[in-house]
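Here the sequence shown stands for residues 1 to 189, where the numbers follow our numbering.
All residues carry an ideal CB built from backbone N, CA and C; glycine is no exception.
Below: the structure, in structure tokens.
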Amino acid sequence: MTVDFETFPVLSSGRLEFRELSLLDVNEIFELRSDPELMKYIPRPMVNCKQDAIDHIEQIHSLTARNEAINWAITEIGQSKLIGTIGFYRIKPEDFRAELGYMILGEYHNKGFITESIRTVIQYAFYTLGFNSIEALIDPENIVSARVLRKNGFERDGHIRENVFWEGKFLDTEVFTILKKDLKKLSTP
Ligand SMILES: CC(C)(COP(=O)(O)OP(=O)(O)OC[C@H]1O[C@@H](n2cnc3c(N)ncnc32)[C@H](O)[C@@H]1OP(=O)(O)O)[C@@H](O)C(=O)NCCC(=O)NCCS
């Protein structure tokens with residue numbers, strides 16, 4: 001399959017819109033990626049200053065320009081403020097597969113927003129882009145993320161021991177996967 005994000009795919013769902021990240025989102029990206037609670041299970045460098053947040057946004061833009069990843073800003077319908085992000089990283093067109101990642105500001109947790117976001121982007125990935133499978137790689141202690149994945153049709157495919165070296169420690173990873181053919185098993189959120 002081929003992936004082409006030259007025209008950015010703006011998406012929407014019942015309560016949310018999914019648009020391209022912009023440099024106007026720098027404060028919210030800083031808020032998300034500098035919060036130790038939100039970053040606790042994400043083995044990626046924390047954002048320490050506004051310039052780090054700008055660098056992060058620019059890195060996403062260059063990955064998308066190369067069709068290697070895509071990241072949406074999640075907003076409430078009719079509002080421009082970014083409340084979270086969701087996207088596909090490590091897109092592997094040769095396997096019709098990509099890795100899903102997401103996070104949302106603490107004040108918006110437990111409202112079903114990431115559930116709504118996952119359902120929107122996986123529909124897009126399976127039916128518009130043509131993926132066959134999507135994986136999510138999570139810290140085994142991230143029980144909220146595991147809960148969210150299971151309730152959205154992902155199944156636990158396995159546990160990889162000590163495959164990530166992060167901040168002086170070897171970390172395990174849980175692999176969750178959804179296949180295109182699993183989608184019809186999902187009920188409405
Ligand atoms: C994981 C995350 C994205 C979930 O977002 P969200 O919008 O709150 O998710 P939803 O509202 O769709 O669903 C949350 C579910 O977790 C459940 N939950 C919340 N806290 C929980 C806890 N401590 N233990 C078990 N389940 C919990 C909720 O009850 C809800 O399930 P339910 O609908 O069956 O009741 C959010 O917590 C987050 O941004 N975490 C930090 C970043 C992160 O870890 N990202 C994932 C990296 S792989």
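Mapping DSSP to helix, strand and coil, what is residue i?
i, result
"G87", "strand"
"Y102", "strand"
"T75", "strand"
"H109", "coil"
"S12", "strand"
"E20", "strand"
"T64", "helix"
"D4", "coil"
"L179", "strand"
"E58", "helix"
"I194", "The first residue shown for the chain is 1 and the last is 189, placing residue 194 beyond what the model contains."
"K92", "strand"
"R44", "coil"
"K81", "coil"
Between which two residues does the alpha helix (DSSP H) carrying residue i extend?
i, result
"S133", "Note, S133: premise wrong, no alpha helix (DSSP H); beta strand (DSSP E) at S133 to I138."
"F30", "V26 to R33"
By how many angstroms is the C-alpha of residue j removed from the C-alpha of residue i?
i, j, result
"E17", "W72", "9 Å"
"K184", "I160", "28 Å"
"R66", "F5", "8 Å"
"N152", "E167", "31 Å"
"I60", "V164", "22 Å"
"L191", "I57", "Outside the displayed range of the chain (1 to 189) lies residue 191, so it cannot be described from this structure."
"K40", "S12", "29 Å"
"V10", "F176", "26 Å"
"D172", "E162", "4 Å"
Around the Cβ of residue i, are there at least 16 other Cβ atoms within 10 angstroms (buried) or fewer (exposed)?
i, result
"I118", "buried"
"S145", "buried"
"T120", "buried"
"I77", "exposed"
"R156", "exposed"
"E37", "exposed"
"T85", "buried"
"R15", "exposed"
"R33", "buried"
"T7", "exposed"
"T2", "exposed"
What are the boundary residues of the beta strand (DSSP E) that includes residue i?
i, result
"I143", "Run containing I143: none in the beta strand (DSSP E); it sits in the alpha helix (DSSP H), I143 to K151."
"E37", "No beta strand (DSSP E) holds E37; the alpha helix (DSSP H) holding it covers P36 to M39."
"F126", "It is not in any beta strand (DSSP E) - F126 carries neither H nor E in the DSSP assignment."
"F165", "E155 to W166"
contact_flag[the stretch 99-110, the stretch 48-55] where n(CB pairs < 8 Å) is 3 or more = Contact fails: fewer than three Cβ-Cβ distances are below 8 Å.
Sufficient close CB pairs (3 or more, under 8 Å) joining the stretch 132-152 to the stretch 15-33 | No: fewer than three Cβ pairs fall under 8 Å.
ask   = Is there contact between the stretch 86-104 and the stretch 127-135, where contact requires at least three CB pairs shorter than 8 Å?
value = Yes, they touch.
Next on the checklist: Could you check whether the stretch 25-34 touches the stretch 56-75, counting it as contact only if at least three pairs of C-beta atoms, one from each stretch, sit closer than 8 Å?
Outcome noted: Touching, per the Cβ criterion.
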